[in-house]
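Working notes, structure below.
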Amino acid sequence: MGQGLNKPLWVALYLALVAWAYAPILSAGPFGADLELLAGLSGRGSAALYTVPHTDGRPLAALSLFLSRGLWSAERVWPAHLATWLRLENLICLAIAAQGLRLVLQRLFAPWFGRETARAAALTAGLLLMVHPLPVAAVSMVHLRGELLALAFGTFGLAAFLEARQERNKRLLGRAFLFAFLAGMCGRWALFLPFLYCVLEGVSSQRHRPSAARWRSAGMTFVACAVCVAAEFVLRGQLAPESARTFQYLSVHLSAIPFTVEKLGVLFMPAPVGSVGVLAIPVALATLILATHPGFVAARSAPRLWGRIVAVWGVSLALSLILDADQRVVSLDLVGTQVLLGATLILCTGWGLAATAISDFRRTLLPVLLLLLFAWLAHGTAEPIRQASYQVDSLRTDLEQAAGRRNFRGSYVLLEPKQQVAGHQILPSDPSVLLSRRLAQGAWGRVPEGGPLVRAIDRPALGGWWGSPDFFTRVEEGLCFLVPPDLLGLEVGPLMAFDVPIIEGQPFVLELAGNDFNGANGSPIGDGRLVPAWYTQLTVHVPRGRQVSEAPKIEWQAPGGLLGSAKGVWVRSTNPDLLEARFDLRAQPAWVFAGWLTKLRAVGPLAGHPLVFTSEPTVLPAGVMPHWSSEGWIVNTHGFEVPSAGDVEQGADSVPEWILWRMSPGVLKREEFVLEALDAERLVAQIPSNAQHESPGALVGLWGVECRLDGVVIAAASGLLQLR
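Under our numbering, the first residue of the sequence shown carries the number 2, and numbering increases by one thereafter.
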């Protein structure tokens with residue numbers, strides 16, 4: 002390649018192509034696990050190298066990030082455009098790995114195809130690796146620095162090993178195993194290196210030796226390289242703190258077979274349909290044809306040689322997928338392709354050899370076309386990453402503004418935040434890092450050390466947490482909710498901040514008579530007595546003779562154009578002459594965040610009847626709280642009479658549903674388990690072993706039991722459960 006144009010111009014054009022392919026991620030901010038990594042990058046000494054989040058305890062990966070922090074951050078606070086520089090460093094690591102791949106393949110193919118073909122195949126493979134769409138995800142994720150470093154050290158180690166064996170240079174042999182050791186200190190991809198060292202020794206180091214001698218030395222090479230890679234585990238046991246002395250073992254299950262098949266499809270046809278549309282499919286198909294057709298033509302003249310090459314290449318490709326066999330890659334969006342980093346290197350090896358297997362002008366034309374098509378696919382793969390970062394930047398801006406107005410005090414809850422954008426996980430597992438002192442920009446000087454407590458919650462969990470002991474503790478300290486406008490029926494815009502007031506002196510029960518809200522269209526304001534955040538349960542009694550053909554309903558209006566409505570459920574009252582309508586408003590954002598109401602309307606048969614508000618649902622007896630037995634989690638309903646459904650749709654009764662739920666300490670994520678009848682007075686919930694952490698003593702936190710009719714909570718009990 003490059004005889005028609007001078008070399009500097011080729012280099013400039015190629016660098017421009019790489020810059021365009023990666024432009025979206027170089028202008029994007031951090032998100033997801035990267036936020037936790039950057040916020041948790043602290044400490045000194047060898048122990049700190051093993052405790053950096055999301056680096057798999059690899060010390061050289063952590064050391065690289067510490068060096069980046071010293072290079073780009075000021076006073077240990079990351080700059081606004083920190084992700085640009087960190088991803089540029091990742092891209093440089095990939096470029097080093099591509100250069101190492103070129104050196105490996107040049108020596109690998111030379112004994113079989115000659116120097117000229119080997120040089121062309123090696124150069125093409127290295128260039129393709131840089132613009133291939135699959136490494137884009139790895140380059141965009143700062144916490145994968147270790148895997149990219151392992152790829153770089155590994156390829157240069159392979160190149161040094163081949164040169165040492167072909168030139169009989171023992172000094173270079175030591176360097177090769179040193180690179181293998183360094184790769185093991187960086188990332189899990191190094192676990193694949195012993196196999197590659199073994200293959201290179203067997204097929205290309207001294208190929209004229211007897212087969213038995215070559216494969217005997219290949220086995221010794223495998224063992225020596227495995228020892229070098231495994232040395233990291235020994236050092237971890239000596240230097241790492243006790244909490245970091247864990248290892249990710251390889252686990253391959255039959256359930257991973259569909260994932261592996263999907264990964265193979267992504268490898269051969271990387272089509273980001275979700276970002277660039279269906280045009281990506283024919284483009285990906287074109288790359289497959291352009292890369293393989295010259296190889297098929299060349300295989301006609303040497304089928305035995307090419308058959309062996311395809312066999313070794315296919316086995317290497319399959320083994321490279323074992324490291325993360327249980328992780329799925331979403332084919333339409335190319336999400337999760339960071340686990341295919343090593344497989345992509347093997348793939349480019351085959352594409353580089355096949356695309357240059359002919360000796361005419363097509364040896365230049367076909368690789369150039371491949372580079373252009375792969376760069377277009379890479380650009381399309383990178384675009385959703387920029388969109389994901391914009392969502393996080395917007396969320397952090399809204400959160401910082403809300404916290405800044407409160408001088409970063411109290412705690413903050415994100416209601417139903419967007420968790421994923423185009424398949425990418427955008428929120429960190431600990432949302433508090435969104436207000437980390439190390440990540441705050443203009444207002445970092447006011448952020449307390451560690452930052453305020455930030456948690457995320459969805460609407461089902463909101464109903465269980467609202468009114469719990471932990472909820473009232475946060476309210477006393479200062480609690481602020483950040484709510485998307487669309488949950489309140491408003492136009493899309495920035496998050497809306499709502500402070501939860503401290504309720505003092507409010508009666509437990511509040512009854513609004515007809516003259517409080519003047520009929521169906523009046524304003525109930527009840528002299529300011531109705532506080533929606535406090536009164537979240539509503540009961541209305543209607544004479545049994547009234548016609549009720551549909552679910553009861555109320556509507557309300559609050560300042561700012563906030564409109565809301567809720568449907569309840571009919572239940573039989575203890576008074577045989579009345580029918581009872583019940584509403585559970587705890588999970589209604591338009592109600593609890595209304596502040597105060599300007600209108601309240603009871604619809605249909607409810608109009609004109611007193612509205613009885615309470616602060617919590619009918620309380621179940623204390624005995625219903627769950628207790629553990631050999632049969633599972635038992636709930637005793639003795640002494641509690643479940644209300645049946647009212648006379649709706651010709652008297653058809655609904656069946657009450659019992660739910661057992663829990664929230665782990667510090668995590669506002671609700672897990673629900675269906676309770677089934679064990680006998681006349683007991684219900685049981687069978688919780689999977691992975692949910693109970695294989696120990697009942699691990700199930701500590703906020704627990705609750707709910708009885709529902711048509712999805713409306715009619716009775717509940719909750720509290721903190723500590724098993725001993």
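C-beta: ideal position from N, C-alpha, C; glycine also.
Is the beta carbon of PHE594 closer than 9 Å to that of LYS568?
The residue you call residue 568 lines up with position 567 of the sequence shown. The residue you call residue 594 lines up with position 593 of the sequence shown. No, the Cβ-Cβ distance between LYS568 and PHE594 is not below 9 Å.
Are ALA717 and LEU621 close, meaning C-beta to C-beta below 9 Å?
Here the question's residue 717 lines up with position 716 in the sequence shown. Here the question's residue 621 lines up with position 620 in the sequence shown. Closer than 9 Å, so yes.
Out of curiosity, what's the CA-to-CA distance linking THR338 and GLY266?
The sequence position of residue 338 within the sequence shown is 337, counting from 1. The sequence position of residue 266 within the sequence shown is 265, counting from 1. Cα-Cα distance, rounded: 12 Å.
Is there contact between the segment 404 to 418 and the segment 455 to 471, where contact requires at least three CB pairs shorter than 8 Å?
yes
Express the C-alpha separation of LEU106 and PRO113 in angstroms, rounding to a whole number.
For this step, residue 113 is matched to residue 112 along the sequence shown. For this step, residue 106 is matched to residue 105 along the sequence shown. Per the sequence shown, residue 113 should be read as Trp rather than Pro. Taking the straight line from one Cα to the other gives about 11 Å.
Beta-carbon gap between VAL331 and VAL340 smaller than 9 Å
Along the sequence shown, one-based indexing puts residue 331 at 330. Along the sequence shown, one-based indexing puts residue 340 at 339. No, they are not a contact pair.
If you draw a straight line from the C-alpha of SER430 to the C-alpha of GLY464, how long is it?
Residue numbering aside, residue 430 sits at position 429 when the sequence shown is read from its first letter. Residue numbering aside, residue 464 sits at position 463 when the sequence shown is read from its first letter. Computed Cα separation, rounded: 22 Å.
Out of curiosity, what's the CA-to-CA distance linking GLY527 and LYS600?
Taking the sequence shown and counting its residues from 1, one reaches residue 527 at position 526. Taking the sequence shown and counting its residues from 1, one reaches residue 600 at position 599. Reliability of the predicted coordinates at GLY527 is poor, the pLDDT of 46 falling under 50, and no value is obtained from them.
Under a Cβ-count criterion, where at least 16 other Cβ atoms within 10 Å of its own Cβ denotes burial, should ALA139 be classed as buried or exposed?
The residue you call residue 139 lines up with position 138 of the sequence shown. It is buried - the Cβ of ALA139 has at least 16 other Cβ atoms within 10 Å.
Burial state of LEU129, where buried means 16 or more other Cβ atoms lie within 10 Å:
Working through the sequence shown from its first residue, we reach residue 129 at position 128. Buried is the call here.
Would you list, in sequence order, the uninterrupted beta strand (DSSP E) runs of no fewer than 3 residues that lie entirely inside the segment 398 to 455?
412 to 416
Is ILE715 helix, strand or coil when you go by DSSP?
For the purposes of this step, residue 715 is taken as residue 714 along the sequence shown, with counting starting at 1. ILE715: strand per DSSP, three-state reduction.
What are the boundary residues of the alpha helix (DSSP H) that includes TRP592?
Taking the sequence shown and counting its residues from 1, the one referred to as residue 592 is at position 591. Element bounds for TRP592: 590 to 593.
Quick one: using the 10 Å Cβ neighbour count with 16 as the cut-off for buried, is VAL714 buried or exposed?
Walking along the sequence shown from the start, residue 714 turns up at place 713. So VAL714 counts as buried.
Do the segment 17 to 26 and the segment 147 to 157 meet, that is, are 3 or more Cβ pairs less than 8 Å apart?
no
Buried or exposed: which applies to ALA793, given that a residue is buried once 16 or more other Cβ atoms fall within 10 Å of its Cβ?
This structure cannot speak to residue 793, because the chain is shown only from 2 to 725.
Return the CA-CA distance between ARG475 and LEU563, expressed in angstroms with no decimal places.
The residue given as residue 475 occupies position 474 in the sequence shown. The residue given as residue 563 occupies position 562 in the sequence shown. When rounded, the distance between both Cα atoms is 26 Å.
For MET186, which of helix, strand or coil comes out of DSSP?
Position 185 of the sequence shown holds residue 186. If DSSP states are grouped into helix, strand and coil, MET186 belongs with coil.
For HIS209, count neighbouring C-beta atoms within 10 Å of its own C-beta (all shown protein chains included) and say buried if the count is 16 or more, exposed if not.
Here residue 209 refers to the residue found at position 208 of the sequence shown. Per the 10 Å Cβ criterion, exposed.
Could you check which residue in MET270, THR125 and LEU342 has the C-alpha nearest to that of LEU366?
As a first step, residue 366 must be located in the sequence shown, where it is residue number 365. That would be THR125, whose Cα lies nearest to the Cα of LEU366.
GLY705 classed as buried or exposed, judged by whether at least 16 other C-beta atoms fall within 10 angstroms:
Walking along the sequence shown from the start, residue 705 turns up at place 704. Looking at its Cβ environment, which holds 16 or more other Cβ atoms inside 10 Å, GLY705 is buried.
Tell me which residues share the same chain as SER28 and place their Cβ nearer than 8 Å to its Cβ, disregarding the 5 neighbours each side in the sequence.
Walking along the sequence shown from the start, residue 28 turns up at place 27. Result list for SER28: THR85 and ARG387, in chain order.
Please classify GLY1: is it buried, with 16 or more other beta-carbons within 10 angstroms of its beta-carbon, or exposed?
It is not possible to answer for residue 1, since the shown part of the chain is limited to 2 through 725.
Quick one: is ALA312 buried, meaning 16 or more other Cβ sit within 10 Å of its Cβ, or exposed?
Working through the sequence shown from its first residue, we reach residue 312 at position 311. Flag for ALA312 reads exposed.
Quick one: residues in its chain with C-beta nearer than 7 Å to the C-beta of ARG407, no 5 flanking neighbours on either side, listed in chain order?
Counted from its first residue, the sequence shown places residue 407 at position 406. The residues are GLY479 and CYS481.
Assuming HIS294 is part of the alpha helix (DSSP H), what are its boundary residues?
For the purposes of this step, residue 294 is taken as residue 293 along the sequence shown, with counting starting at 1. From DSSP, the alpha helix (DSSP H) with HIS294 extends over 281 to 300.
Distance, Cα to Cα, ALA225 vs LEU179?
Mapped onto the sequence shown, residue 225 falls at position 224. Mapped onto the sequence shown, residue 179 falls at position 178. Roughly 11 Å separates the two Cα atoms.
Can you name the start and end residues of the alpha helix (DSSP H) that ASN637 belongs to?
Counted from its first residue, the sequence shown places residue 637 at position 636. Here ASN637 belongs to no alpha helix (DSSP H); instead the beta strand (DSSP E) covers 633 to 637.
Count the C-beta pairs between the segment 191 to 199 and the segment 155 to 173 that are closer than 8 Å, then say yes if the count reaches three, no if not.
yes
Between the Cα of ALA678 and the Cα atoms of LEU612, ALA355, GLY633 and THR350, which residue gives the shortest distance?
Numbered from 1 along the sequence shown, position 677 holds the residue referred to as residue 678. Of the listed residues, the one whose Cα sits closest to ALA678 is GLY633.
Coarse secondary structure for LYS568, derived from DSSP in three states:
In the sequence shown, counting from the first residue as 1, residue 568 sits at position 567. Strand, per DSSP.
For ALA376, which residues does DSSP report across the bridge?
Working through the sequence shown from its first residue, we reach residue 376 at position 375. Answer by DSSP bridge pairing: none, since ALA376 is not bridged.
Within 10 Å of its beta-carbon, does ALA111 have 16 or more other beta-carbons around it, so buried, or fewer, so exposed?
Along the sequence shown, read from residue 1 onward, the residue named residue 111 stands at position 110. The residue in question, ALA111, is buried, as its Cβ has 16 or more Cβ neighbours within 10 Å.
Can you list, in chain order, the residues of its chain with a C-beta nearer than 7 Å to that of GLY203? Leave out the 5 residues immediately preceding and following it.
On the sequence shown, residue 203 is found 202 positions in, with the first residue counted as 1. Answer for GLY203: ARG215, TRP216 and ALA219, listed in chain order.
Just to check my reading of the structure: TRP592 and LEU580 have Cβ atoms closer than 8 Å, yes? What is that Cβ distance to the nearest angstrom?
The residue you call residue 592 lines up with position 591 of the sequence shown. The residue you call residue 580 lines up with position 579 of the sequence shown. With 8 Å as the limit, TRP592 and LEU580 do not qualify as a contact, their Cβ atoms being about 23 Å apart.
Host alpha helix (DSSP H) of LYS8 (start-end):
To locate residue 8, count along the sequence shown from 1; it is residue 7. Where LYS8 is concerned, the enclosing alpha helix (DSSP H) stretches over 8 to 27.
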